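Worksheet: the structure to be examined is printed underneath.
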């Protein structure tokens, strides 16, 4: 009797541990014992201290916005909210 593909597949248990999936400046996962970071900021700190729009700006532009940059960015986002008629 032939084995199905699922039965024939042998798992090593290693998963992707130690494998580089891709290089990016946006985030790191588990690098040097650290958890998840966005542009060098721990996501726990961002979740506790930053607004969604600030984190989106950080991901797009590489730095957290100052008050003027955040205001301009939020105005831009508001302008994109309207649904077409």
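Numbering (the working numbering), first residue to last: 8 to 92. No residue lacks a Cβ here, since even glycine has one placed at the ideal position from N, Cα and C. Since this is a predicted model, take the numbers as computed values, not measurements.
Residue 82 - DSSP class collapsed to helix/strand/coil: helix
Nearest-angstrom beta carbon gap, residue 45 and residue 53 [assumed within contact, 8 angstroms]: 6 angstroms
Among 34, 28 and 29, the one whose alpha carbon lies nearest that of residue 70: 34
7 angstroms Cβ cutoff met for residue 81 and residue 61: no
Residues bridged to residue 43 (per DSSP): 36
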